[in-house]
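Student: Each residue of the sequence shown is one higher than the one before, counting from 1 in full-length UniProt numbering.
Beta carbons: idealized from backbone N, C-alpha and C, even for Gly.
Starting off with a structure, shown below.
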Amino acid sequence: MDKRKALVTGIGGQDGSYLCEILLQNGYTVHGIIRNRTTSDYTTVAVSHVLAAAEKNQNKLVLHSGDIMDPYFLLSLFREHSFDEVYHLAAQSHVGTSFKLQLYTCDVNALGTLRLIQTILTLGLEKKTKFYNACSSETFGQTVKDYQDESTPLCPVSPYAAAKAFSYWITSSARITHGLFAVNGILFNHESPRRGLGFVTRKITFAIAQIHLGLRSCIMLGNLNARRDWGHARDYMQGAYSMMKQDAPDDYVLATGKTRSVRDFVVTAFQIVGIRLEWSGSGIDEVGVDARTGQVRVRVDPDLYRPAEVSYLRGSAQKAATSLDWKPEISFKELVKEMVEADIALIHEKPTRFWMESKL
Ligand code: NAP
Ligand code: G4F
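See the structure below:
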């Protein structure tokens, strides 16, 4: 069994919670950075999984309350533990929010990555510690190609993507300049029941669960025509783990190769609870109506349009298939079903909880 020591930044997020489980299954001692919440009664689904794993794996999973923006915190953490592998997942990961919080997003997503790399270099750990950077398909921006892969130029249109592009280049630079085992995982959208409520898939599945249980009537959405390549987060974290197992560092795209619109996601998710949608109107007047009852279930809110949109993403993960033997296991329909059913179960389980309406 491998006895390696890994650090996961952003362990309390969707991906961190799955990666933590994968690392524990593979015999790692896992350390995770989690931000202290002053309102301790608020626990996301992802965090609750990490806390459950910590309970089950005492001494094998160590949670550190901290922030990647504090270099002294990072220095003392790395000095004490000199990790074998660092999976850097922490980020302000919401693209829409990045237009309002530009400086903050760039500070965390771009300079936060540099802070971690600098910590490794400052402590002379570049020959010991492997580094994974969570890069994003959002960095491809408005591409004209039918699909995007490792050779597609980065052309960011949001502050989020610009910051992630910086993180990509500073990671490759550390590989070239300092010989650091540094990997960029360029991941297309991946979802799960542990996704934050502000992302469109979970916003939809959570609202449909509420509609199904008679707790609300309609979902407000922005751009229904945007297309994404959606996979399952567990599959993608398995891929990220494989990238770090290679003999030499490299950059890899993870994607399903299939693209679907937000509208397709809504239609598929409503089908899980037996509702068939029919669409009428156009632009901000478009509505999705329950074909059987005539009730309006989807409306468009122009406030949810983004100042600049990535309208089409479809990835080719050919390189990961060949070099990592990676392929996504969970289909789009299985993903949507798992998410809708998990949200119905969650609301059943915690009916009195105050659920925040997502305005994102
Ligand atoms: P997520 O659920 O938003 O998780 C991000 C985590 O980072 C959260 O737990 C957050 O903590 C933490 N964090 C943010 N700022 C921090 C800071 N300054 N110090 C310490 N922790 C901080 O995102 P995800 O979906 O798991 O994605 C993981 C990474 O992959 C992110 O870097 C994201 O940008 C990237 N990515 C995601 C996708 C995707 O489709 N999911 C695709 C491509 C790339 P709080 O909860 O306290 O905010
Ligand atoms: O779910 P989203 O917010 O994800 P987005 O912007 O694609 O970003 C996610 O994937 C990236 C990988 O490509 C990650 F790097 C990033 O961290 C994040 O995980 O939005 C998906 C699409 C967008 O086109 C958005 O305009 O859905 C559209 N959309 C339509 N209505 C909406 C809504 N998005 C949100 N969040 N909320 C809406 O009501």
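#1: Assuming W279 is part of the beta strand (DSSP E), what are its boundary residues?
#2: Please determine, among I68, K130, E150, the residue with the shortest C-alpha to C-alpha distance to G315.
#3: Would you kindly work out how many angstroms separate the C-alpha atoms of M243 and D251, rounded to a whole number?
#4: Evaluate M1 with the Cβ neighbour count: other Cβ atoms within 10 Å of its Cβ, from every protein chain shown; 16 or more gives buried, anything less gives exposed.
#5: Are the stretch 108–120 and the stretch 151–166 touching, with three or more C-beta to C-beta distances below 8 Å?
#6: Rounded to a whole number of angstroms, what is the C-alpha to C-alpha distance between G231 and A317?
#7: Pull up the distance between the alpha-carbon of S137 and that of L89, whole angstroms please.
#8: Considering only residues of the stretch 197–277, which uninterrupted alpha helix (DSSP H) runs meet the minimum length of 4 residues and lie entirely inside it, listed in chain order?
#9: Tell me the DSSP bridge mates of G32?
#10: Taking the alpha-carbon of L324 as reference, which of G239, L51, R175 has the nearest alpha-carbon?
#11: Confirm, please, whether the CB-CB distance from S261 to L224 is below 8 Å.
#12: Are the stretch 31–38 and the stretch 62–76 touching, with three or more C-beta to C-beta distances below 8 Å?
#13: From T122 to N133, what distance separates their C-alpha atoms?
#14: Give me whichever residues DSSP pairs with A182 in a beta bridge.
#15: Kindly indicate which residue of T129, E309, A342 has the alpha-carbon position closest to the one of I7.
#16: Given this structure, state the Cα-to-Cα distance separating E80 from C155, to the nearest angstrom.
#17: Got a sec? Which residues, its chain only, sit under 7 Å from F73 by beta carbon, not counting five neighbours each side?
#18: Quick one: is the Cβ of F188 within less than 7 Å of any heavy atom of ligand 2?
#19: Would you say the beta carbon of A240 is closer than 7 Å to some non-hydrogen atom of ligand 2?
#20: Measure the C-alpha to C-alpha separation of S17 and S172 and round it to an integer number of angstroms.
#21: How many whole angstroms separate the CB atoms of V310 and V157, which I take to be in contact at a CB cut-off of 8 Å?
#22: Check whether the stretch 178–190 touches the stretch 283–292, counting contact only when three or more Cβ pairs, one atom from each stretch, lie closer than 8 Å.
#23: Which one or two residues does DSSP pair with R353 in a beta bridge?
#24: Grab the span of the beta strand (DSSP E) containing G288 for me, first residue to last.
#25: Secondary structure at E85, three-state DSSP: helix, strand or coil?
#26: Please look up how many angstroms separate the CB atoms of K56 and Y28, rounded, as I've assumed it's under 8 Å.
Tutor: Let me spell this out:
#1: Position 279 of the sequence shown, counted from the first residue, corresponds to residue 279. Per DSSP, W279 belongs to the beta strand (DSSP E) from 277–280.
#2: Here residue 315 corresponds to residue number 315 of the sequence shown, with the count starting at 1. Out of I68, K130, E150, E150 has the C-alpha closest to the C-alpha of G315.
#3: By one-based count along the sequence shown, residue 243 stands at place 243. By one-based count along the sequence shown, residue 251 stands at place 251. Cα to Cα, M243 sits roughly 8 Å from D251.
#4: Here residue 1 corresponds to residue number 1 of the sequence shown, with the count starting at 1. With a pLDDT of only 47 at M1, under the threshold of 50, the placement of this residue in the model should not be trusted; the figure read from the coordinates follows. Within a 10 Å sphere around the beta-carbon of M1 sit fewer than 16 other beta-carbons, which makes this residue exposed.
#5: Yes, they touch.
#6: Within the sequence shown, the letter at position 231 stands for residue 231. Within the sequence shown, the letter at position 317 stands for residue 317. If you take the alpha carbons of G231 and A317, they lie about 12 Å apart.
#7: Along the sequence shown, read from residue 1 onward, the residue named residue 137 stands at position 137. Along the sequence shown, read from residue 1 onward, the residue named residue 89 stands at position 89. Going by the C-alpha atoms only, they are around 15 Å apart.
#8: 200–212, 233–243, 262–272
#9: Here residue 32 refers to the residue found at position 32 of the sequence shown. Looking at the DSSP assignment, G32 forms a beta bridge with V8, L63.
#10: Translated into positions along the sequence shown, residue 324 becomes position 324. Here the closest residue by C-alpha is G239.
#11: The residue given as residue 224 occupies position 224 in the sequence shown. The residue given as residue 261 occupies position 261 in the sequence shown. Yes. Within cutoff.
#12: In short, these stretches touch, since the Cβ pair count reaches three.
#13: By one-based count along the sequence shown, residue 122 stands at place 122. By one-based count along the sequence shown, residue 133 stands at place 133. Those two C-alpha atoms are separated by around 18 Å.
#14: Residue numbering aside, residue 182 sits at position 182 when the sequence shown is read from its first letter. Per DSSP, F131.
#15: As a working note, residue 7 is residue 7 in the sequence shown. It is Leu, not Ile, that sits at residue 7 in the sequence shown. Among T129, E309, A342, the Cα nearest to that of L7 is on T129.
#16: Counting from one through the sequence shown, the residue named residue 80 turns up at place 80. Counting from one through the sequence shown, the residue named residue 155 turns up at place 155. Each residue's alpha carbon lies about 39 Å from the other.
#17: For this step, residue 73 is matched to residue 73 along the sequence shown. Taken in chain order, the residues that qualify are G66, D67.
#18: Translated into the one-based positions of the sequence shown, residue 188 becomes position 188. Checking every heavy atom of ligand 2 against the Cβ of F188, one is found closer than 7 Å.
#19: Within the sequence shown, residue 240 is the residue found at index 240, counting from 1. Result no, Cβ not under 7 Å from ligand 2.
#20: Residue 17 sits at position 17 when you count from the first residue of the sequence shown. Residue 172 sits at position 172 when you count from the first residue of the sequence shown. Roughly 26 Å separates the two Cα atoms.
#21: Translated into positions along the sequence shown, residue 310 becomes position 310. Translated into positions along the sequence shown, residue 157 becomes position 157. Contact holds; Cβ gap of about 6 Å.
#22: no
#23: Counting from one through the sequence shown, the residue named residue 353 turns up at place 353. Answer is none; R353 lacks a bridge partner.
#24: The residue given as residue 288 occupies position 288 in the sequence shown. Where G288 is concerned, the enclosing beta strand (DSSP E) stretches over 287–290.
#25: Taking the sequence shown and counting its residues from 1, the one referred to as residue 85 is at position 85. In the structure shown, the three-state DSSP call for E85 is strand.
#26: As a working note, residue 56 is residue 56 in the sequence shown. As a working note, residue 28 is residue 28 in the sequence shown. Not confirmed; about 14 Å, so no contact.
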